[in-house]
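Residue numbers for the sequence shown follow our numbering, beginning at -16 and rising by one. First comes the structure, then the notes that go with it.
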Amino acid sequence: MASLWCGGFFIDVASLFTKICKKMNPSNHGIRQSSSLSYISGLDGVRAIAVLAVVLHHYSSPFSKVLLNQGSVWSIYSAIANLGWVGVDIFFVISGYLITKMLINRPIKHLSDYKTFVIKRAWRLLPAYVFCLLVFTTIAVLFVPTSKVLNNSLHLWTMTSNIQSAFIHRTALMDGYFNLVHFWSLALEWHFYLLLPMLIYCLKSVRLIAVLLIALAIYSRYVLQQIGASDNAIYAFTLCRFDALGMGCLLATAPGLHRLKPAQNFCISTAGVLIFCGVMLAITLSPVPYKKLPWVQLYGYSLIAVSIGMMLVTVVAAQPESTLIRWLEKPLMLNLGRASYSLYIWHLVFFPAIANAAITSLGNPFYAFLLAFLVAGIVSGILTLISFHLIESKFYLANRCQPQTRTG
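Below, the structure written as structure tokens:
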């Protein structure tokens, strides 16, 4: 009964989110069409799946032992939710794909082109990011001035949180009130956005760059593994995760995806599903946490990236009227996907305080999980709506209205 309630609640909240999005932003369709250069039908739906996986993982993993004692249904749920971290890898592959397509269509030929690209990326990503940090800092200064996260927040402002988490203190951005550890992936993507245009300008061959990025990631993880670096360093350090972004680059250079025959599309996507499920099954059956598994550290993350890229071929190559795309383009999936960046930013920030308050007030850990899930879902949903509609969308539209820089 509790599982049905939890699932029903999540669907109800998502449906409410969709209705609010439509009322607050009736020109939603027009905005998407205006950016048709980078918009691919179905990718917003994939983003929705990715962000929901991450949210379920972060909300459930602290209670995983509790859920295992609640019967087979909750044990299965816990096992699936524990794999939700792979949603970040999905985001990486999508980002690599879209940014590479953008740079192929608008190549960097001069320093001014690079400057324009970086400014546009900053205008697109930083407003919601900075807004979250301002809200967090204000609340922390007023109510929890001794917060460990507040004292280490310089790494958040300098986009180095993944390096700090990897080599200095892995839990420095997490305490009993706040959790901004997940900002590591935002820092890593920003490093990629700064580096990729320069690589394309210097090396010209995007496909070569993609292969080099994948090889560099595997080699970097091997080196860190050999010198005894922490499992979190191998997981979060910038160079170690370039394989997922590189796989997105490789997908962007694949010729003739839209001309693939159905049988070819099916074979590629099926192979991707089999590889993905095989890796996830091996991780699930292992008593060792995935970050500490030597084979995952060395080549497991790359296998996951390859499998995600192969599965995305189905989305990229599919016709807009196909059943898959129609499902991924449903209003619920579409709106969740479009707001996935803001939702990712906000979903975990106040979760420790909410979870600890639920445990203190209820005593029963399982009911505390349900209450924390409910309250955190509502709070993050409200903050996501505010961030997406009042910050992210406004700056995005303002950025698109700016005149294009011309270079001679």
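Beta carbons are placed, not taken as given, at the ideal position from N, Cα and C, and that holds for glycine.
Own chain, CB closer than 8 Å to L281, minus 5 neighbours either side, in chain order: The residue you call residue 281 lines up with position 298 of the sequence shown. If the five residues before and after L281 are omitted, its C-beta is found closer than 8 Å to the C-beta atoms of I201, R204, Y205 and Q208, all from its own chain and listed in chain order.
First and last residue of the uninterrupted alpha helix (DSSP H) at Y324: For the purposes of this step, residue 324 is taken as residue 341 along the sequence shown, with counting starting at 1. Taken as a continuous stretch (DSSP letters only), the alpha helix (DSSP H) holding Y324 covers S323 to W329.
Stretch pair the segment 349 to 357 + the segment 372 to 380: three plus CB contacts closer than 8 Å: These segments do not touch.
Every unbroken alpha helix (DSSP H) inside the segment 248 to 317 [4 residues or more]: You should have 284 to 300 and 306 to 311.
K84 classed as buried or exposed, judged by whether at least 16 other C-beta atoms fall within 10 angstroms: Indexing the sequence shown from 1 puts residue 84 at position 101. With a threshold of 16 other beta carbon atoms within 10 Å, K84 meets it and is buried.
Pair within 8 Å by beta-carbon distance, R153 and N215: Reading the sequence shown from its first residue, position 170 is the one you call residue 153. Reading the sequence shown from its first residue, position 232 is the one you call residue 215. When the beta-carbon positions are compared, R153 and N215 come within less than 8 Å of each other.
Pick from R190, H41, S252 and L196 that is closest to N65, judged by C-alpha positions: Counting from 1 along the sequence shown, the entry for residue 65 is found at position 82. Cα-wise, what sits closest to N65 is H41.
Segment contact flag, the segment 139 to 157 with the segment 50 to 64, C-beta cutoff 8 Å, min 3 pairs: The segment 139 to 157 vs the segment 50 to 64: no contact.
Minimum C-alpha distance to A219 - residue among H165, G283, H241 and Y97: Your numbering for residue 219 matches position 236 in the sequence shown. Cα-wise, what sits closest to A219 is H165.
CA nearest to the CA of Q147, picked from Y80, A170 and F333: Here residue 147 refers to the residue found at position 164 of the sequence shown. When only C-alpha atoms are compared, the closest one is A170.
Beta-carbon contacts of A415 that lie in its chain and below 7 Å, excluding the five residues immediately before and after: Any property of residue 415 remains undetermined from this structure, which presents the chain solely from -16 to 391.
Straight-line Cα distance separating L178 from P110: If you number the sequence shown from 1, residue 110 lands on position 127. If you number the sequence shown from 1, residue 178 lands on position 195. Spanning the two alpha carbons is a distance of roughly 21 Å.
Cβ-based neighbour list, L311, same chain, cut-off 6 Å, excluding 5 preceding and 5 following: Position 328 of the sequence shown, counted from the start, is the residue given in the question as residue 311. Apart from sequence neighbours up to five positions away, the residues of its chain that approach L311 with a beta-carbon distance below 6 Å are G25 and G28, ordered along the chain.
C-alpha distance - L295 paired with S363, whole-angstrom precision: As a first step, residue 295 is located in the sequence shown; it is residue number 312 there, counting from the start. As a first step, residue 363 is located in the sequence shown; it is residue number 380 there, counting from the start. Spanning the two alpha carbons is a distance of roughly 28 Å.
Option in V71, V194 and F114 with minimal Cα separation from I287: The residue you call residue 287 lines up with position 304 of the sequence shown. Per the Cα distances, V71.
Nearest-angstrom Cα separation, counted from I342 out to G67: By one-based count along the sequence shown, residue 67 stands at place 84. By one-based count along the sequence shown, residue 342 stands at place 359. When rounded, the distance between both Cα atoms is 23 Å.
Cβ pair L51, S43 closer than 8 Å: For this step, residue 51 is matched to residue 68 along the sequence shown. For this step, residue 43 is matched to residue 60 along the sequence shown. Not in contact: L51 and S43 (Cβ atoms no closer than 8 Å).
Collapsed DSSP secondary structure at M157 in the structure displayed: For the purposes of this step, residue 157 is taken as the residue at position 174 of the sequence shown. For M157, the secondary structure class from DSSP, reduced to helix, strand or coil, is strand.
Residue span of the alpha helix (DSSP H) that contains G346, given as start and end: Here the question's residue 346 lines up with position 363 in the sequence shown. Element bounds for G346: n/a, residue is neither H nor E.
Straight-line Cα distance separating A105 from M293: Sequence index remark: in the sequence shown, residue 293 carries index 310 (1-based). Sequence index remark: in the sequence shown, residue 105 carries index 122 (1-based). Going from the Cα of M293 to the Cα of A105 covers about 30 Å.
Proximity below 8 Å, CB of W167 to CB of S144: Position 184 of the sequence shown, counting from 1, holds the residue named residue 167. Position 161 of the sequence shown, counting from 1, holds the residue named residue 144. Their beta carbons are under 8 Å apart, which means W167 touches S144 by this criterion.
Environment of I87 [buried if 16+ CB atoms lie within 10 Å]: As a working note, residue 87 is residue 104 in the sequence shown. Exposure of I87 is indicated by the presence of fewer than 16 other C-beta atoms within 10 angstroms of its C-beta.
DSSP state of N52 mapped onto helix, strand, coil: The count along the sequence shown starts at 1 and reaches residue 52 at position 69. N52 carries a coil assignment under DSSP once its states are collapsed to helix, strand and coil.
Proximity below 8 Å, CB of F126 to CB of F333: Residue 126 sits at position 143 when you count from the first residue of the sequence shown. Residue 333 sits at position 350 when you count from the first residue of the sequence shown. No, these two residues do not count as a Cβ contact at 8 Å.
Alpha carbon of K275 to alpha carbon of K92, nearest angstrom: One-based indexing of the sequence shown puts residue 275 at position 292. One-based indexing of the sequence shown puts residue 92 at position 109. For K275 and K92, the distance between alpha carbons rounds to 43 Å.
Beta-carbon contacts of M142 that lie in its chain and below 6 Å, excluding the five residues immediately before and after: In the sequence shown, counting from the first residue as 1, residue 142 sits at position 159. Here the set comprises A170 and W173.
Rounded Cβ spacing between G79 and G229 (contact assumed at less than 8 Å): For the purposes of this step, residue 79 is taken as residue 96 along the sequence shown, with counting starting at 1. For the purposes of this step, residue 229 is taken as residue 246 along the sequence shown, with counting starting at 1. Confirmed, about 6 Å.
CB of I23 within 8 Å of CB of V289, strictly: For the purposes of this step, residue 23 is identified with residue 40 of the sequence shown, where counting begins at 1. For the purposes of this step, residue 289 is identified with residue 306 of the sequence shown, where counting begins at 1. By the CB criterion at 8 Å, I23 and V289 fall outside the cutoff.
C-alpha gap between L257 and T297, whole angstroms: The count along the sequence shown starts at 1 and reaches residue 257 at position 274. The count along the sequence shown starts at 1 and reaches residue 297 at position 314. Rounded to whole angstroms, the separation of the alpha carbons of T297 and L257 is 14 Å.
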